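Numbering (UniProt numbering), first residue to last: 1 to 512.
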């Protein structure tokens, strides 16, 4: 399970940036880093993860066994980029030169016990389950960004050792002063490794196209994935571990090894809410919470989220809702988010949608720019057709027709001198006139005769004003009579109203 791309023959690089109190090779370990006991996937077998800060702290026979295991993995040609196995003298500084850890069966309180085990001829092939290291990924000013390499022995496959080492890596790396982790080279064909890093919250921050010439894929170059993750406290690991302990308590009727009084109380309380169905020929045993299957294994969580997402390639909310109907685990939405980020089809689809939206936006801006109309200063005014004007022979005298409606004044635009040809614009834009025209005023004189009487004059006639009755009203003033010429402008509504009020006031004074 490699996650490295450094040169095994290069000098050892130690952290010299970031948090102070830089570690020294072979020096004391930081506070909080000590041998820890873990439980394997069967929830029964105990193991211990023991840290080391120098290769000479590891028994020679155990060092040789780990070197042989790494050599076999290199010779398989599917996970590590190296071609030749490392000699023992090079393996020690490479793997344990800065910080390394070994997973061993049973409870071990201190690393010194390993030397006693070696003197008694311990069978490391049976006792050793795996190992990993933590070291700077870059030198100098960027040495607070770390890298890791992981090795699971042949006898401990499919027992959850890789997952336990990954969780411990995330716990110890920040205590060693690192703030970010980068795994430079994880071949995408290494499914076991990819599933673990995806489940532990690592993000796929890059891809190296065709960088792996692997033995299992002759004539084909395999892509490699670059993983990255912020380092810090992660409560999810504790929460997922709790489900496994509840399962163990319900199945065996006893507390897991190492449970304190508070944890025992929590397990008794949880037993009233959870239900465990035994395994059958077709189905494994399942833990249930309110009718939903509880998934404690992070790899299976990721696989379920991936399978549900691949059915329809829905978004985060849709996929999360579909999963929550059948399953339960901590932070389903974050698992779905990782699946969607890692989905090649959705990535290509998002790129296509982004390009489409960008093209639509540019097209919309171009179209709107072409449709905008702002008449240029030298553009000639386009006059309305002649049929829209009242000629001298068509118009009636406003004074002779009591039902003649007030007319709207037409704005006359001067005709500028001819200018060079301009682009064609739509005729009669909305701002050509000061006010919109009543359609009845532009249909001709024959239509005006069919209009109803003026409401203003009709109301005035029905009121029976005595000062108007029987008066011989004179003709309209000369200024309002029809004049000679090709065409005269009709009075505006304001002028027509003022004229009529003036006539009423004038004849009212005469009657008085």
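Here a beta-carbon is modelled for each residue, glycine too, at the ideal position from N, C-alpha and C. All values reported here derive from a predicted model rather than from experimental measurement.
Residue i by DSSP, collapsed to three states: which one?
i	result
residue 394	Reliability fails at residue 394, whose pLDDT of 43 lies under 50, so the model's placement of it is uncertain and the value that follows must be treated cautiously. Residue 394 falls in the coil class under three-state DSSP.
residue 211	strand
residue 50	strand
residue 11	coil
residue 58	coil
residue 257	coil
residue 285	coil
residue 41	coil
residue 399	Bear in mind that a pLDDT of 41 at residue 399, under 50, signals an unreliable position, so the number given afterwards is only what the model happens to contain. Residue 399 falls in the coil class under three-state DSSP.
residue 204	strand
residue 80	coil
residue 273	coil
residue 29	coil
residue 279	coil
residue 199	helix
residue 328	strand
Residue i: buried (16+ other C-beta within 10 angstroms of its C-beta) or exposed?
i	result
residue 12	exposed
residue 247	buried
residue 398	In this predicted model, residue 398 has a pLDDT of only 40, less than 50, meaning its place in the structure is not dependable enough to derive any value.
residue 513	Since the first and last residues shown for the chain are 1 and 512, residue 513 lies out of range.
residue 483	The predicted position of residue 483 is uncertain, since its pLDDT is 48 and thus under 50; a value taken from the coordinates is nonetheless stated next. Classification of residue 483: exposed, given that the 10 Å Cβ count is below 16.
residue 205	exposed
residue 198	buried
residue 110	exposed
residue 273	exposed
residue 136	buried
residue 79	buried
residue 21	exposed
residue 120	exposed
residue 257	exposed
How close, in whole Å, do the beta carbons of residue i and residue j come, if the pair is a contact with beta carbons under 8 Å?
i	j	result
residue 114	residue 174	About 26 Å; that fails the 8 Å criterion.
residue 296	residue 243	4 Å
residue 49	residue 168	5 Å
residue 77	residue 53	Between residue 53 and residue 77 the Cβ distance is about 32 Å, and since that is not below 8 Å, they are no contact.
residue 108	residue 25	That belief does not hold up - the Cβ atoms of residue 108 and residue 25 are roughly 23 Å apart, past 8 Å.
residue 310	residue 336	Their Cβ separation, rounded to whole angstroms, is 12 Å, which puts residue 310 and residue 336 out of contact at 8 Å.
Leaving out five residues on either side along the sequence, give the residues of the same chain with a beta carbon under 7 Å from the beta carbon of residue i.
i	result
residue 385	For residue 385, the predicted model reports a pLDDT of 45, less than 50, meaning its position is unreliable and no value from the coordinates is stated.
residue 346	313 and 340
residue 232	174
residue 513	The structure shown does not extend to residue 513, since the chain is modelled only from 1 to 512, so the question has no answer here.
residue 306	339
residue 505	none
Note down, in chain order, each residue of its chain lying with its Cβ closer than 6 Å to the Cβ of residue i, except the 5 sequence neighbours on either side.
i	result
residue 17	141, 143 and 144
residue 328	289, 292 and 294
residue 278	285
residue 105	47 and 127
So, at 8 Å on beta carbons, what are the nonlocal neighbours of residue i in its own chain, with the 5 sequence-adjacent residues on each side left out?
i	result
residue 130	102, 103, 150, 151, 152, 153, 156, 161, 162 and 165
residue 180	144, 145, 146, 228, 229, 230 and 231
*asked:* Could you check whether the stretch 84-97 touches the stretch 58-71, counting it as contact only if at least three pairs of C-beta atoms, one from each stretch, sit closer than 8 Å?
replied: yes
*asked:* Using 8 Å as the cut-off, can you tell me whether the stretch 91-101 makes contact with the stretch 37-46, which would need three or more C-beta pairs spanning the two stretches below that distance?
replied: The stretch 91-101 and the stretch 37-46 do not touch, with fewer than 3 CB-CB distances between them shorter than 8 Å.
_the stretch 212-228 contacting the stretch 311-320, beta-carbon criterion three pairs below 8 Å_ = no
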